[in-house]
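Numbering (my numbering), first residue to last: 2 to 155.
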């Protein structure tokens with residue numbers, strides 16, 4: 002059961018996660034106890050954050066040793082808003098690349114680009130990463146940043 006805290010209701014968090022297409026930043030522990038941070042594409046489905054990555058990725062090795070993660074999904078443009086939290090990862094093989102294909106559609110608007118074709122290549126083995134959030138904390142600086150979505154000027 003996910004605990005929702007912060008500026009938004011659970012429904013508002015879900016809307017943000019479904020509408021926002023910035024990468025998720027995932028922090029995990031390396032075997033030596035130091036932290037490891039990666040950015041991946043995600044989608045939100047049924048209360049779970051789903052990602053995909055290559056089966057031989059360093060992240061996969063670290064998550065097999067310690068499935069506890071922290072994460073951040075936040076906008077890069079003013080007004081800054083987003084969520085952060087922690088949770089537990091489960092991993093399964095994405096043999097038919099269903100999650101990867103859905104992520105490519107979400108972030109690249111189709112599978113015809115050279116990057117999409119490379120990612121979907123037969124020689125790549127994919128892993129589905131599912132993050133079961135324990136706590137999600139939301140924040141929204143719209144009221145103090147003017148509520149527009151333009152980049153600040155120098």
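In this text, a Cβ means the ideal position worked out from N, Cα and C, and glycines have one as well. Note that the structure is a prediction, hence the values are computed from the model and not measured.
Is residue i buried or exposed, if buried means 16 or more other CB atoms sit within 10 Å of its CB?
i: residue 119; result: exposed
i: residue 38; result: exposed
i: residue 29; result: buried
i: residue 139; result: buried
i: residue 54; result: buried
i: residue 96; result: exposed
i: residue 36; result: exposed
Check whether the Cβ atoms of residue i and residue j lie closer than 8 angstroms to each other.
i: residue 3; j: residue 135; result: yes
i: residue 124; j: residue 8; result: no
i: residue 92; j: residue 49; result: no
i: residue 44; j: residue 51; result: yes
i: residue 88; j: residue 75; result: no
i: residue 31; j: residue 40; result: no
i: residue 146; j: residue 79; result: yes
i: residue 86; j: residue 137; result: yes
i: residue 98; j: residue 121; result: yes
i: residue 22; j: residue 108; result: yes
Per DSSP, residue i forms a beta bridge with which residues?
i: residue 70; result: 88
i: residue 141; result: 82
i: residue 1; result: The requested residue 1 does not occur in the structure, where the chain is confined to residues 2 to 155.
i: residue 30; result: 36
i: residue 130; result: 52 and 92
i: residue 5; result: 137
i: residue 75; result: 83
i: residue 25; result: 41
Can residue i be considered in contact with the ligand FMN, in the sense that its beta carbon sits closer than 7 angstroms to one or more heavy atoms?
i: residue 25; result: In terms of ligand content, the structure shown is empty, and the ligand FMN therefore cannot be addressed.
query: For the 8 angstroms Cβ check, are there 3 or more pairs between the region 64 to 76 and the region 108 to 119?
result: no
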